[in-house]
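Heads up, the thing below is written out as structure tokens.
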Amino acid sequence: MNGSSMHWTTYIVAAVAVYGAVLSTYTALSKLRQGRRRIRVKFSWGALFQGPEVSPQMLFIIVSNPGNRAVTIHTPAIILPNDTRVVFPDPHSDVGFPCDLPEGQSCKVWIEVRELAEFLKSRGFSGKTKLVAICEDAVDNVYKSRSTIFDVDR
113 MNGSSMHWTT YIVAAVAVYG AVLSTYTALS KLRQGRRRIR VKFSWGALFQ GPEVSPQMLF
173 IIVSNPGNRA VTIHTPAIIL PNDTRVVFPD PHSDVGFPCD LPEGQSCKVW IEVRELAEFL
233 KSRGFSGKTK LVAICEDAVD NVYKSRSTIF DVDR
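Structure below.
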């Protein structure tokens with residue numbers, strides 16, 4: 113074997129070293145991710161069932177915790193196109209706020225579509241309006257939903 117060529121065992125040792133480095137980096141990042149608070153916020157449309165009766169159409173804000181630790185959340189809110197934050201002081205919800213949201217759990221806040229449309233009209237909005245739902249946790253992290261289009265005039 114001449115001085116410029118490497119023996120095949122050198123390649124195997126190098127491959128094992130690279131594999132070990134990648135594995136340890138993945139493990140470290142995985143542990144960091146597990147320790148983080150992870151909250152998802154989204155809108156949903158639907159109705160409530162009250163016995164045989166069905167409610168008028170509702171807009172739901174659903175807050176879920178897909179993470180590995182409980183997170184204390186405050187009342188979700190809606191951000192309007194003019195950056196005004198609409199907080200419902202006494203929200204219709206399946207929990208009380210602030211709420212401890214365990215891992216793998218979710219909660220909902222809802223408002224009647226007609227009521228929201230009237231509120232938005234009273235604030236000068238009309239037509240299709242972009243809304244974003246947000247939720248803050250106890251340490252002031254803010255989680256946002258994707259925007260949804262709400263037709264105020266419909």
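Residues in the sequence shown are numbered from 113 upward in steps of one, following this note's numbering. Glycine included, each C-beta is placed from N, C-alpha and C at the ideal position. Here the structure is a predicted model, which means the values were calculated and not measured.
Flag this pair as yes or no: are the beta carbons of residue i and residue j separated by less than 8 Å?
i	j	result
Lys154	Ile174	yes
Asn253	Arg149	yes
Val199	Lys233	no
Ala189	Ile151	no
Leu243	Ser259	yes
His204	Ile223	yes
Leu135	Trp157	no
Val130	Gln169	no
Determine the direct distance from the alpha carbon of residue j to that of residue i, and round the result to whole angstroms.
i	j	result
Arg235	Asn194	10 Å
Pro214	Ala126	44 Å
Gly216	Thr187	19 Å
Asn177	Ala140	22 Å
Gly208	Lys143	31 Å
Please list the terminal residues of the continuous beta strand (DSSP E) segment that includes residue i.
i	result
Phe172	Met170 to Ser176
Leu213	Cys211 to Leu213
Val183	Val183 to Ile185
Ile151	No beta strand (DSSP E) contains Ile151, which DSSP labels as neither H nor E.
Glu243	The sequence shown places Leu at residue 243, rather than the Glu named in the question. Note, Leu243: beta strand (DSSP E), Lys240 to Glu248.
Arg275	No answer is possible for residue 275: it lies beyond the span of the chain, which begins at 113 and ends at 266.
For the alpha helix (DSSP H) holding residue i, just list the boundary residues, first then last.
i	result
Glu227	Val225 to Ser234
My guess is that residue i and residue j are in contact by the Cβ rule of under 8 Å, so how many angstroms apart are they, rounded?
i	j	result
Lys220	Asp206	5 Å
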